[in-house]
Amino acid sequence: MKRPILIHPDPRLKKLCDPVPDMSDALRALAEDMLETMYDAPGIGLAAPQVGVMSRMIALDCAKPDNGEEARPLVMVNPRVIASSDERNVYEEGCLSIPDQYADVERPKLVEVEWMDLDGAARREEFDGLWATCVQHEIDHLDGKLFIDYLKPLKRQMITRKMVKLKRDRARA
Ligand code: ZN
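Once you know that position 3 of the sequence shown is 31 in the numbering used here, the rest is easy, because the numbers rise by one and skip nothing.
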């Protein structure tokens, strides 16, 4: 089932999310909903708070079907960056909670992430390139941080004003 995506500014996008104590059928259903919502948007990542659930869970798939890459839906519970490279990378980022706004963000190029999968098993993997940027962007959401928080205040305020207007227009429609 697709779920509505919260649009910035929203207090739920600024909160620290709670760790998931253990897996449950409700969380597995949420995972399915998050993947469906993400693919439908379309997007390459989605964090639980973006659908109003304040739990540490993210979904991502940065595979590029246009380049013949097979889909790789990943759901991470309690994800944590345990190591990151000194080498950094700049990507133009966007966010499903901040539609149609893009800006360059610099982050570590490589990150090692630890998480729990949907079977409750501990997983660990190193990510590079777009996958690394995406997983860091999504984990940031769990700490109430948005990609625009990396931008200069003026640019951030400009984007926030556009989103306030977008929400107002949508409410009127
Ligand atoms: Zn986002």
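Cβ atoms here follow ideal geometry from the backbone N, Cα and C, with glycine treated the same way.
Counted within 10 angstroms of its Cβ, other Cβ atoms place residue i as buried (16 or more) or exposed
| i | result |
| --- | --- |
| Tyr119 | buried |
| Met104 | buried |
| Pro107 | buried |
| Asp168 | buried |
| Ala160 | buried |
| Gly71 | buried |
| Glu154 | exposed |
| Arg198 | exposed |
| Leu74 | buried |
| Leu41 | buried |
| Leu170 | buried |
Residue i beta carbon near ligand 1 (any heavy atom closer than 7 Å)
| i | result |
| --- | --- |
| Cys203 | No information on residue 203 is available, as it lies outside the stretch 29 to 201 that the chain covers here. |
Beta carbon of residue i nearer than 8 Å to that of residue j
| i | j | result |
| --- | --- | --- |
| Cys45 | Cys90 | no |
| Ile35 | Met144 | no |
| Met66 | Ala87 | yes |
| Ala76 | Leu58 | yes |
| Thr79 | Ile33 | With the sequence shown as reference, residue 79 is identified as Val, and Thr is not the correct amino acid for it. Cβ distance < 8 Å, so Val79 and Ile33 count as in contact. |
| Met29 | Asp68 | no |
| Gly148 | Asp50 | yes |
Unbroken beta strand (DSSP E) run spanning residue i, endpoints
| i | result |
| --- | --- |
| Gln129 | 126 to 136 |
| Ile176 | Note, Ile176: premise wrong, no beta strand (DSSP E); not H, not E. |
| Gly148 | Gly148 -> no beta strand (DSSP E), and no H or E assigned at all. |
| Val103 | 102 to 112 |
Distance cut-off 7 Å: residue i Cβ against heavy atoms of ligand 3
| i | result |
| --- | --- |
| Ala111 | This structure does not include ligand 3; its bound ligands are ligand 1. |
Extent of the continuous alpha helix (DSSP H) to which residue i belongs
| i | result |
| --- | --- |
| Gly71 | Note, Gly71: premise wrong, no alpha helix (DSSP H); not H, not E. |
| Gly157 | 157 to 170 |
| Glu187 | Checking the displayed sequence, the identity of residue 187 turns out to be Ile instead of Glu. Counting along the chain, the alpha helix (DSSP H) containing Ile187 begins and ends at 181 to 200. |
Across the region 108 to 118 and the region 133 to 144, are there enough close Cβ pairs to call them in contact, namely three or more that are closer than 8 Å? Contact between the region 108 to 118 and the region 133 to 144 is present, because at least three Cβ pairs lie under 8 Å.
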